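Q: Numbering (the numbering used here), first residue to last: 640 to 867. We put the beta carbon where it would ideally sit given N, CA and C, even for glycine. For clarity, every value in this text was computed on a predicted model and none was experimentally measured.
This is how it looks when you write it as structure tokens:
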């Protein structure tokens, strides 16, 4: 089943008098439950593609379908609804809320969706335990290591049971050991929940663990390989 489908996706940025072609007619399909890496050098369009799929930006041309719905035709409020309900995002800089505890950070998306405090706490505790942070529920981000903060970001991305999780360079700020542990954790969650994971990365370790590696260069897909 197609979870993501991009058709002839174009994204141009205007910087003063210069037009930058970030994506140039990208066709891309991801099936439900895939664990896919989008790789390529800096400036190849990896993050741009994730931002468009994640409803964080709009395409210049083309269509993007999430679970059969064309998000390219939606307005800002409608895209925000899709993002809240269907998409989990793991940012390179974690984007945790400094004044909230680990438990509160994980549960924040459910707060926005109006869930009860009891349900939020139960789901948040369960996910913190799943990512190996049981006993750290009341710590704030400043009291945690980079790897622990990334684990909170992963738990937060999963708390609303999203169809898709998008991860932008999730191992970039981690040492190799922690990065490997984080990838193992995401792979386990992918297999258990059948959630579609899509990474923007240049990390060989991520590409090795992915089921599929799509290579972007100058805004175009030049390779699409499946790992055995």
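Rounded to whole angstroms, what's the CA-CA distance from residue 710 to residue 785? Just pull it up for me.
A: On the chain shown, residue 710 is found 71 positions in, with the first residue counted as 1. On the chain shown, residue 785 is found 146 positions in, with the first residue counted as 1. Distance between the alpha carbons of residue 710 and residue 785: 33 Å.
Q: To the nearest whole angstrom, what separates the beta carbons of residue 850 and residue 673, a pair I think is in contact under 8 Å?
A: The count along the chain shown starts at 1 and reaches residue 850 at position 211. The count along the chain shown starts at 1 and reaches residue 673 at position 34. Right, the Cβ-Cβ distance comes to about 6 Å (below 8 Å), so this counts as a contact.
Q: Assign residue 754 to one of three DSSP states: helix, strand, or coil.
A: Here residue 754 refers to the residue found at position 115 when the chain shown is read from its first residue. Residue state, collapsed to three classes: coil.
Q: Considering only residues of the same chain and omitting the five flanking positions on each side of residue 666, which have a CB-CB separation below 7 Å?
A: Taking the first residue of the chain shown as position 1, residue 666 is located at position 27. Within the same chain, residue 666 has close Cβ partners 645, 646 and 647.
Q: Taking the alpha helix (DSSP H) that residue 689 belongs to, which residues open and close that run?
A: As a working mapping, residue 689 is identified with position 50 in the chain shown. Segment 685-692, the alpha helix (DSSP H) holding residue 689.
Q: What does the alpha-carbon distance come out to for the pair residue 842 and residue 714?
A: Here residue 842 is taken as the residue at index 203 of the chain shown, counted from 1. Here residue 714 is taken as the residue at index 75 of the chain shown, counted from 1. Going by the C-alpha atoms only, they are around 34 Å apart.
Q: Along the chain, where does the alpha helix (DSSP H) containing residue 778 start, and where does it finish?
A: Numbered from its first residue, the chain shown carries residue 778 at position 139. Taken as a continuous stretch (DSSP letters only), residue 778 belongs to no alpha helix (DSSP H), as it is neither H nor E.
Q: By how many angstroms is the C-alpha of residue 661 removed from the C-alpha of residue 599?
A: A query on residue 599 cannot be resolved here, the shown segment of the chain reaching from 640 to 867 and no further.
Q: Report the partner residues of residue 839 according to the DSSP bridge assignment.
A: Position 200 of the chain shown, counted from the first residue, corresponds to residue 839. 677 and 807, per the DSSP bridge assignment.
Q: My assumption, with CB atoms under 8 Å, is that residue 698 sits in contact with residue 650. Please give the rounded CB distance.
A: The residue given as residue 698 occupies position 59 in the chain shown. The residue given as residue 650 occupies position 11 in the chain shown. Between residue 650 and residue 698 the Cβ distance is about 6 Å, and since that is below 8 Å, they are a contact.
Q: Might you give, ordered along the chain, the residues of its own chain that have their beta carbon closer than 7 Å to the beta carbon of residue 684, omitting 5 neighbours on each side?
A: Residue 684 sits at position 45 when you count from the first residue of the chain shown. These residues qualify, in order along the chain: 661, 662, 855 and 858.
Q: Taking the straight line between their C-alpha atoms, what separation do you get for residue 774 and residue 861?
A: Against the chain shown, residue 774 aligns to sequence position 135. Against the chain shown, residue 861 aligns to sequence position 222. So the two alpha carbons sit approximately 46 Å from each other.
Q: In terms of residues, what are the limits of the alpha helix (DSSP H) holding residue 816?
A: Here residue 816 corresponds to residue number 177 of the chain shown, with the count starting at 1. Residues 815-832.
Q: Can you give the Cα-Cα distance for residue 743 and residue 772, rounded to whole angstroms?
A: Stepping through the chain shown from its first residue, residue 743 is reached at position 104. Stepping through the chain shown from its first residue, residue 772 is reached at position 133. C-alpha separation (whole angstroms): 13 Å.
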